[in-house]
Amino acid sequence: MATNNLVAKIWSFCDTLRDDGLGYGDYLEQLTFLLFLKMADENKSEYNLPKRCDWQTILTSVQIIEDYQNLLKNLSNAGGMLSKIFAGAQNKIHDSVKLKRLIKLIDGENWTNQDIDIKGEIYESLLQKNAENSGAGQYFTPRSVISTIITCIDPKPMETIADPSCGTGGFFLGALNHLIEKALSKQEAEFLKFKAFHGWEIEKSTARLCLMNLFLHGVGDLKETPDIQVTDSLKRGTNGEIEENEKVTIVLANPPFGVSSSDIPTIDVERSKNDGYFLRKDFWVTTSNKQLAFLQHIVTMLKENGRAAVVLPDNVLFEGGAGETIRKKLMEETNLHTILRLPTGIFYAQGVKANVLFFDKPQEPVKSATKEVWYYDYRTNINHTPKKNPLKSTDLKEFIELYNSANLEKRKETWSQETPQGRWRKYSYEELLTRDKTNLDVFWLRNDSIIDLDNLPDPNNLAQEIVENIEDALESFKRVALKLED
0 MATNNLVAKI
10 WSFCDTLRDD
20 GLGYGDYLEQ
30 LTFLLFLKMA
40 DENKSEYNLP
50 KRCDWQTILT
60 SVQIIEDYQN
70 LLKNLSNAGG
80 MLSKIFAGAQ
90 NKIHDSVKLK
100 RLIKLIDGEN
110 WTNQDIDIKG
120 EIYESLLQKN
130 AENSGAGQYF
140 TPRSVISTII
150 TCIDPKPMET
160 IADPSCGTGG
170 FFLGALNHLI
180 EKALSKQEAE
190 FLKFKAFHGW
200 EIEKSTARLC
210 LMNLFLHGVG
220 DLKETPDIQV
230 TDSLKRGTNG
240 EIEENEKVTI
250 VLANPPFGVS
260 SSDIPTIDVE
270 RSKNDGYFLR
280 KDFWVTTSNK
290 QLAFLQHIVT
300 MLKENGRAAV
310 VLPDNVLFEG
320 GAGETIRKKL
330 MEETNLHTIL
340 RLPTGIFYAQ
350 GVKANVLFFD
360 KPQEPVKSAT
370 KEVWYYDYRT
380 NINHTPKKNP
390 LKSTDLKEFI
400 ELYNSANLEK
410 RKETWSQETP
420 QGRWRKYSYE
430 ELLTRDKTNL
440 DVFWLRNDSI
450 IDLDNLPDPN
460 NLAQEIVENI
470 EDALESFKRV
480 ALKLED
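Numbering that gives the first Met the number 0 puts the first residue of the sequence shown at 0, with every later residue one more than the last.
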């Protein structure tokens, strides 16, 4: 069965379970458990599951609810990858008839007789379905953005790759797909399987999905798992700072877009002793803004000559106070060489304005590591919507070519006085410092829809946006209605 048809078939069953109050995220979690058991059953020689904890146990069970719950409990205590995937696992499908129907639905397909990419692709598609339909996926990083970032960052074999807010592992999968296309030695392949990826995710259920996602793509095994930790990565570090041996070569991240944090990282030792604060001596400034905290954290995670690409909202580029201090320090201590301005309408949350900041950490301290910042404006006069007109990797092909990852020193502007609509333009460090509050929210292109009222966006695009807004609103109302019925 084609991937899309299989995903649609399995996902459609969620509507049946929603009548029982099961949300999209809970459904995906239950699918995670069942898919794992089914694939283990298809490869018995590879998976040594504890007694009475296999697919046949639930497939032939008479008391399915009791047997399934006991199976989950035993797997959570089995150690290794099993304990990580099944930690705290609970059966949330309490209708035995519906649970058996879902088990038979999964049993009707062979998940591992195809390439590993196929079963991974199916799971990735299910994750995207969850993002489309649940509030939890509102900032789900579009795969087109991830693939663009990976192409520009160009991970190499034996490099460590970290994501301090890894979600379901989208950046890891992008890097993995990039690396497996290379001719890897046995040592490099082993490193990629067990040592390359380091992630932190605060939500246990999301970390579980990340582990499963990586596992389905060949990362880790039943004994040794990828380094995915369920914790607030901002609170890492010994005595308030990250040790040198914990630092990595590459950081890829789309940190949470919430503007405040319940626990605030502070550079002040005395303040860190108070409730609601924790010490980060390696930060530049104390801030409750989560994105600004993560940006500082990512800089501290990098080794010398390390590089990062981070998706951040517009406010990080212009916010005063701590924001101004951080922007100045970022340009002084790293080479902030590129900012990609993303269009609105690519995230499932409406109206999100975000950018990708690319920066490198120099090997030796210098007075100001940033000499110039190159901007690519793929926002002005660009119209995308998540469902009807999603952003595709090909839409950013020009940016990838202009980025010129092979040699950042040899770039050519497409903007000039003669070509004012060019989207690729550089600003010197000195120019940016003279801007009020070191504002990096730079734009120069003429916005046709604002300046020229006779030249509004295409009516079809406007209509599509209206339809999608209404659909999203209806989904939100449905979720509220379901909660009220509980």
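Ideal placement from N, C-alpha and C gives every residue a C-beta, glycine not left out.
query                                                                                                                                                                     : result
How about Leu439 and Leu431: are their beta carbons less than 8 Å apart?                                                                                                  : yes
Roughly how many whole angstroms lie between the Cα atoms of Leu329 and Leu335?                                                                                           : 7 Å
The beta strand (DSSP E) spanning Gly344 covers which residue range?                                                                                                      : Run containing Gly344: none; DSSP gives neither H nor E here.
In angstroms with no decimal places, state the Cα-to-Cα distance between Lys302 and Val247.                                                                               : 5 Å
Decide if Asp14 is buried, meaning its Cβ has at least 16 other Cβ atoms within 10 Å, or exposed.                                                                         : exposed
Excluding the five sequence neighbours on either side, which residues of its own chain have a C-beta within less than 6 Å of the C-beta of His383, listed in chain order? : Pro342, Gly344, Ile345 and Leu390
Output the boundary residues of the alpha helix (DSSP H) element that contains Tyr402.                                                                                    : Lys396 to Tyr402
Work out the CA separation of Leu81 and Phe317 for me, nearest whole Å.                                                                                                   : 45 Å
Using 8 Å as the threshold, is the C-beta distance between Asp447 and Asn380 below it?                                                                                    : yes
What is the DSSP secondary structure of Ser62, counted as helix, strand or coil?                                                                                          : Reading off the sequence, residue 62 comes out as Gln, not Ser. Reduced to three states, the DSSP call for Gln62 is coil.
When the Cα of Lys386 is compared with those of Arg100, Lys128, Asp226 and Val218, which residue comes out closest?                                                       : Lys128
Which residues in the same chain as Pro364 place their Cβ atom closer than 8 Å to its Cβ, once the five residues preceding and following it in sequence are excluded?     : Glu332
So which of Glu243, Val144 and Phe12 has the shortest CA-CA distance to Asp494?                                                                                           : The chain is shown only over 0 to 485; residue 494 falls outside these bounds and no answer can be derived.
Tell me which residues share the same chain as Gly22 and place their Cβ nearer than 6 Å to its Cβ, disregarding the 5 neighbours each side in the sequence.               : none
Could you check which residue in Val218, Gly320, Gly236 and Arg51 has the C-alpha nearest to that of Thr299?                                                              : Gly236
Have a look at Asn288, Met38, Lys50 and His93 and flag the residue whose alpha-carbon is nearest the alpha-carbon of Gly107.                                              : Met38
Who pairs with Lys425 in a beta bridge, going by DSSP?                                                                                                                    : Trp373
Pull up the DSSP beta-bridge partners for Gln89, would you.                                                                                                               : In the DSSP output, where bridge partners are listed per residue, Gln89 has none listed.
Taking only three categories from DSSP, how would you classify His296?                                                                                                    : helix
Please classify Ile297: is it buried, with 16 or more other beta-carbons within 10 angstroms of its beta-carbon, or exposed?                                              : buried
I'd like to check one pair, Gly219 with Lys194: are the Cβ atoms closer than 8 Å?                                                                                         : no
Taking the straight line between their C-alpha atoms, what separation do you get for Gly217 and Ala182?                                                                   : 16 Å
I'd like to check one pair, Arg422 with Asp376: are the Cβ atoms closer than 8 Å?                                                                                         : yes
Using three-state DSSP, classify Asn334 as helix, strand or coil.                                                                                                         : strand
Quick check: the segment 406 to 424 against the segment 163 to 175, are at least 3 beta-carbon pairs closer than 8 Å?                                                     : no
Does DSSP put Lys128 in a helix, a strand or coil?                                                                                                                        : helix
Report the three-state DSSP secondary structure of Leu301 (helix, strand or coil).                                                                                        : strand
Is Arg410 helix, strand or coil by DSSP?                                                                                                                                  : coil
At what residue ranges does the segment 126 to 207 contain a whole run of the beta strand (DSSP E), taking only runs of 3 or more?                                        : 160 to 162 and 196 to 199
Determine the direct distance from the alpha carbon of Asn388 to that of Gln463, and round the result to whole angstroms.                                                 : 8 Å
Could you check which residue in Trp54, Leu233, Ile57 and Lys50 has the C-alpha nearest to that of Asn73?                                                                 : Lys50
At which residues does the alpha helix (DSSP H) containing Phe277 begin and terminate?                                                                                    : No alpha helix (DSSP H) holds Phe277; the beta strand (DSSP E) holding it covers Tyr276 to Leu278.
If you draw a straight line from the alpha carbon of Leu104 to that of Arg424, how long is it in whole angstroms?                                                         : 53 Å
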